[in-house]
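Enquirer: Residue numbers in the first sequence follow the UniProt record's numbering, run continuously in steps of one, and reach 684 at the last position.
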Amino acid sequence: MISLTPNSLAALVESALSTRSSFLGRAVHAQIIKTLNNPLPSFLSNHLVNMYSKLDLPISAQLVLSLTPSRSVVTWTALIAGSVQNGRFASALLQFSNMLRERIQPNDFTFPCAFKASASLRMPAIGKQVHALAVKDGQIRDVFVGCSAFDMYCKTGLRDEARILFDEMPEKNIVTWNAYMSNAVLDGQPRNAVKAFIEFLRVDGKPDSITFCAFLNACSDALYLEPGRQLHGFIIRSGFLADVSASNGLIDFYGKCRDVGSSEMVFDRMCQRNDVSWCSMVTAHLQNYEEEKACMVFLQAREEGVEPTDYMISSVLSACAGLSGLELGRSVHALAVKACVEGNVFVGSAIVDMYGKCGSIHDAEQAFYEMPERNLITWNAMIGGYAHQGHADMALAFLQDMTSGSDDVVPNYVTLVCVLSACSRAGAVEMGLEIFESMRARFGIEPGVEHYACIVDLLGRSGMVERAYEFLTKVRIRPTIAIWGALLGACRMYGKPELGKIAADNLFELDPKDSGNHVVLSNLFAAAGMWEEATLVRKEMKHVGIKKGVGCSWISVKNGVHVFQAKDTSHERNSEIQAMLYKLRKEMKEAGYVPDTDFALYDLEEEEKISEVWYHSEKIALAYGLITIPPGVPIRITKNLRICGDCHSAIKFISGIVGREITVRDNNRFHRFRDGQCSCRDYW
DNA sequence: CTAGGGTTAG
């Protein structure tokens, strides 16, 4: 039988903490009560309070503290530190004031906790009070205390106070410099962070991985690719490449600076990777629009048995949203539930966003209502989902609800972009204009280029093409690609070649590499019978060496994705596809379908034009879907270009003939076809 | 026995 001395019992409490076992902790606590008489030695009480508080068992921690008559600053600090560590910042401040009420002086361990809690709660008024206390007994001169006070002033936006404190610090260490650099980046002053790093090296400071990450953040913030590369060399030379955090910082930096190849190189050469490394690699792909690769890295991480974290899950959901990958998205949603992170507000918002972007608006709504906590991003994701569907009424209702509900959120720039684009897609012209006119007064938001683009789109789409042009010439901003693009699209839709030429010329100047604009202009001329001009545009396109981007449609069947181009006959089941197309064409003709050859690209004989539009990629993908997807299951097709008018009307007919639900997500919005009708009510 | 700066996300 080993004898249980107070010291060995304290060691047992510590081992409960280090193994994060509340079960062991409670058992040891029971043993302590059995072995020793009340009151317990105060150092043992301190250990217990510390253990309970750090394990996020605040009620037990409070209880032990209140049963400790000889509690000291150490007891209280243990309690407060645990609250801070577990994100209970308001409790921490309450405990701090309770301690003051007992006339116990905070020490150099207590102040940093109190500053961190005030900083995290963004409560400068409280922070200032704590600061005054620290000044009064001279503790502010301590590096720990001074540094955390400085961090608090930065995070609460009191720049002048932060500056004074920093300049008057009697002693600075690496933590001070790291805090300075990180906060400079957060404050949008990456140059200052870089300067601080140089100064730090000059005073002979030895940087650590946190310093490196702060510097890399400054570089990615300002797109300083070269300085970041130089730091990469410095990291290698100082032997810090083995440090996982430093390497993770490099992956993130290269990803944000559009050099995802270097991210991959760093990632591949790491001998130790953690969950952050994997997640950083996923987001590096994501930031470079490589959604498929992001998903591949995620699947590889799963194979290697990496724990799925809330960060990883929200990142992968965003990849699914970009791919319109409903099936993978659903399985990641299930994984989020399994990993117990679906209550996280980031994850929840990503789920709402994913379902919205994949066109499953009811799933998005359900996820939205089931979230325990919602913020502005959640609301924007939901409104964005309605915008994708062209549900202006719902977008407007949610704009109302977000300000009047219990979530306490205020609409921002993005919210208004979503609402206006919902109006434009639904043809709610008056409503859209009214919101645009009143956004400054009602929401305090200054209209920006995206809002202007929505209005040009709104007017143009509803046929007021001249008014759209007049609008954009009157506003003070420089029209962007999106704005000219919206105008060009409207000109194509309503047959306005003269205005279309103006829009296209501006687009050619802003975005010379995009072939799509040439194609649209050529089609616009072709539809107006101006064949010479159409040919000229195509020749010019060849002349400057732009090839038409490949238009394609894809459909996922039993975990496999099948991609089709126009006139595609390369699929292994081509003969069945052709037979299905033949059968459909016959039945459609009987049902009264007339091909719309406005959308043929060349000046061909009528018969050839019909054939040209008949073999658009979405029709081929649909035929494949009809022969492979069992009846009753909705067919979902994704297309990288806008759906053409002929395909739109053809798919309406087909949905009626075959009695199935068909969804097409083009690069702009969703179309849900059912019983011969489309959810967009032919307005798009 | 108690403490400060940080890497990944919607």
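A virtual CB, placed ideally from N, CA and C, is assigned to each residue, including glycine.
#1: Provide the residue(s) that pair with Phe673 in DSSP beta bridges, ordered along the chain.
#2: Skipping 5 residues on each side, what residues in its chain have a beta carbon closer than 6 Å to that of Thr110?
#3: Taking Ser360 as part of the alpha helix (DSSP H), name the residues at either end of that continuous run.
#4: Out of curiosity, what's the CA-to-CA distance linking Asn107 and Val73?
#5: Spatial neighbours of His671 within its chain, please: CB distance less than 6 Å, with the 5 preceding and 5 following residues excluded, ordered by chain position.
#6: For the structure I just gave you, are there three or more beta carbon pairs, one from the region 554-564 and one from the region 331-344, closer than 8 Å?
#7: Are the Cβ atoms of Ser245 and Ile210 separated by less than 9 Å?
#8: Using the Cα positions of Gln85 and Ser120, report the straight-line distance between them to the nearest angstrom.
#9: Inspect the beta-carbon positions of Cys154 and Asn183 and report whether they are closer than 9 Å.
#10: With DSSP as the reference, label Lys558 as helix, strand or coil.
#11: Between Ala162 and the rest of its own chain, which residues show a CB-CB distance below 7 Å, the 5 nearest in sequence each way excluded?
#12: Find out if the Cβ-Cβ distance for the pair Ser315, Cys279 is shorter than 9 Å.
#13: Bridge partners for Lys639 per DSSP, in chain order?
#14: Please classify Phe298: does DSSP put it in a helix, a strand, or coil?
#15: DSSP three-state label for Gln31, please.
#16: Alpha carbon to alpha carbon, what distance is there between Tyr615 and Phe653?
#17: For Ala395, which residues from the same chain have a beta carbon less than 8 Å from its beta carbon, with the 5 sequence-adjacent residues on both sides left out?
#18: Am I right that Val228 and Leu216 are in contact with their C-beta atoms under 8 Å? What's the rounded C-beta distance?
#19: Could you give the distance in angstroms between the alpha-carbon of Leu433 and the alpha-carbon of Ser462?
#20: Output the distance between the C-alpha atoms of Met354 and Ala367, rounded to the nearest integer angstrom.
#21: Please identify the residue among Ser360, His362, Val409, Ala503 whose C-alpha is closest to the C-alpha of Trp379.
#22: Are at least three pairs of beta-carbons, each pair with one atom in the region 49-63 and one in the region 19-27, less than 8 Å apart?
#23: Which residue marks the beginning of the alpha helix (DSSP H) containing Ile629, and which one marks its end?
#24: Taking the CB atoms as reference points, tell me whether Leu79 and Ser118 lie closer together than 9 Å.
#25: Please go through the region 476-525 and give each complete alpha helix (DSSP H) segment of 4 or more residues, from N-terminal end onward.
#26: Could you check the C-alpha separation between Pro595 and His362 for me, to the nearest Å?
#27: Check Gln287 in the structure and name its three-state DSSP category.
#28: How about Gly127 and Thr156: are their beta carbons less than 9 Å apart?
#29: State the DSSP-derived secondary structure class of Gln565, mapped to helix, strand or coil.
#30: For Ala218, count neighbouring Cβ atoms within 10 angstroms of its own Cβ and tell me buried if that reaches 16, exposed if not.
#31: Among the residues of its own chain, which have a CB less than 6 Å from the CB of Leu225, if the five just before and after it don't count?
#32: In chain order, which continuous runs of the alpha helix (DSSP H) of length 4 or greater are located wholly inside the region 305-336?
#33: Between the beta-carbon of Val520 and the beta-carbon of Ala534, is there less than 9 Å?
#34: Given the structure, does Gln366 come close to the ligand GDP, in the sense that its CB is under 8 Å from one of the ligand's heavy atoms?
#35: Might you give, ordered along the chain, the residues of its own chain that have their beta carbon closer than 8 Å to the beta carbon of Lys501, omitting 5 neighbours on each side?
#36: So is Met312 buried or exposed if we call it buried at 16+ other beta carbons inside 10 Å?
Expert: According to the data block:
#1: For the purposes of this step, residue 673 is identified with residue 673 of the first sequence, where counting begins at 1. Answer by DSSP bridge pairing, in chain order: Ile662, Cys678.
#2: Taking the first sequence and counting its residues from 1, the one referred to as residue 110 is at position 110. Hits under 6 Å: Thr77.
#3: As a first step, residue 360 must be located in the first sequence, where it is residue number 360. No alpha helix (DSSP H) contains Ser360, which DSSP labels as neither H nor E.
#4: If you number the first sequence from 1, residue 107 lands on position 107. If you number the first sequence from 1, residue 73 lands on position 73. Approximately 7 Å between the Cα atoms of the pair.
#5: Working through the first sequence from its first residue, we reach residue 671 at position 671. The residues are Val664, Cys678, Cys680.
#6: no
#7: Mapped onto the first sequence, residue 245 falls at position 245. Mapped onto the first sequence, residue 210 falls at position 210. Yes. Within cutoff.
#8: For the purposes of this step, residue 85 is taken as the residue at position 85 of the first sequence. For the purposes of this step, residue 120 is taken as the residue at position 120 of the first sequence. About 11 Å.
#9: What you label residue 154 is simply residue 154 of the first sequence in a count that begins at 1. What you label residue 183 is simply residue 183 of the first sequence in a count that begins at 1. Closer than 9 Å, so yes.
#10: For the purposes of this step, residue 558 is identified with residue 558 of the first sequence, where counting begins at 1. Note: Lys558 maps to coil in three-state DSSP.
#11: Looking up residue 162 in the first sequence gives position 162. Only Phe150, Tyr153, Cys154 meet the Cβ criterion.
#12: Indexing the first sequence from 1 puts residue 315 at position 315. Indexing the first sequence from 1 puts residue 279 at position 279. Yes, these two residues count as a Cβ contact at 9 Å.
#13: Within the first sequence, numbered from 1, the residue matching residue 639 stands at position 639. In DSSP, Lys639 forms a bridge with Ser553.
#14: Within the first sequence, numbered from 1, the residue matching residue 298 stands at position 298. DSSP places Phe298 in helix when its eight states are reduced to three.
#15: Translated into the one-based positions of the first sequence, residue 31 becomes position 31. Helix, per DSSP.
#16: Locating residue 653 in the first sequence gives position 653, counting from the first residue. Locating residue 615 in the first sequence gives position 615, counting from the first residue. Phe653 and Tyr615: Cα-Cα distance of roughly 16 Å.
#17: Here residue 395 corresponds to residue number 395 of the first sequence, with the count starting at 1. Contacts found: Ile383, Tyr386, Ala387, Cys418, Val419, Ala422, Cys423.
#18: Reading the first sequence from its first residue, position 228 is the one you call residue 228. Reading the first sequence from its first residue, position 216 is the one you call residue 216. Note on identity: in this sequence residue 228 is Gly, with Val being the wrong assignment. Contact holds; Cβ gap of about 6 Å.
#19: As a first step, residue 433 must be located in the first sequence, where it is residue number 433. As a first step, residue 462 must be located in the first sequence, where it is residue number 462. Those two C-alpha atoms are separated by around 12 Å.
#20: Looking up residue 354 in the first sequence gives position 354. Looking up residue 367 in the first sequence gives position 367. Approximately 10 Å, taken between the alpha carbons.
#21: Within the first sequence, numbered from 1, the residue matching residue 379 stands at position 379. Checked all of Ser360, His362, Val409, Ala503; the closest Cα to Trp379 is Val409.
#22: yes
#23: Here the question's residue 629 lines up with position 629 in the first sequence. Counting along the chain, Ile629 falls outside any alpha helix (DSSP H), and DSSP gives it neither H nor E.
#24: One-based indexing of the first sequence puts residue 79 at position 79. One-based indexing of the first sequence puts residue 118 at position 118. Their beta carbons are not under 9 Å apart, which means Leu79 does not touch Ser118 by this criterion.
#25: 481-494, 497-510
#26: Counting from 1 along the first sequence, the entry for residue 595 is found at position 595. Counting from 1 along the first sequence, the entry for residue 362 is found at position 362. Pro595 and His362: Cα-Cα distance of roughly 34 Å.
#27: Numbered from 1 along the first sequence, position 287 holds the residue referred to as residue 287. Looking at Gln287 - three-state DSSP - the assignment turns out to be helix.
#28: What you label residue 127 is simply residue 127 of the first sequence in a count that begins at 1. What you label residue 156 is simply residue 156 of the first sequence in a count that begins at 1. Going by C-beta atoms, Gly127 is nearer than 9 Å to Thr156.
#29: Numbered from its first residue, the first sequence carries residue 565 at position 565. Residue state, collapsed to three classes: strand.
#30: Sequence index remark: in the first sequence, residue 218 carries index 218 (1-based). It is buried - the Cβ of Ala218 has at least 16 other Cβ atoms within 10 Å.
#31: Counted from its first residue, the first sequence places residue 225 at position 225. Within the same chain, Leu225 has close Cβ partners Cys257.
#32: 310-323
#33: Within the first sequence, the letter at position 520 stands for residue 520. Within the first sequence, the letter at position 534 stands for residue 534. The answer is no: Cβ separation not under 9 Å.
#34: As far as ligands go, the structure on display features none, and thus does not contain the ligand GDP.
#35: For the purposes of this step, residue 501 is identified with residue 501 of the first sequence, where counting begins at 1. So the list reads Leu521, once near-sequence residues are dropped.
#36: Counting from 1 along the first sequence, the entry for residue 312 is found at position 312. Met312 comes out buried.
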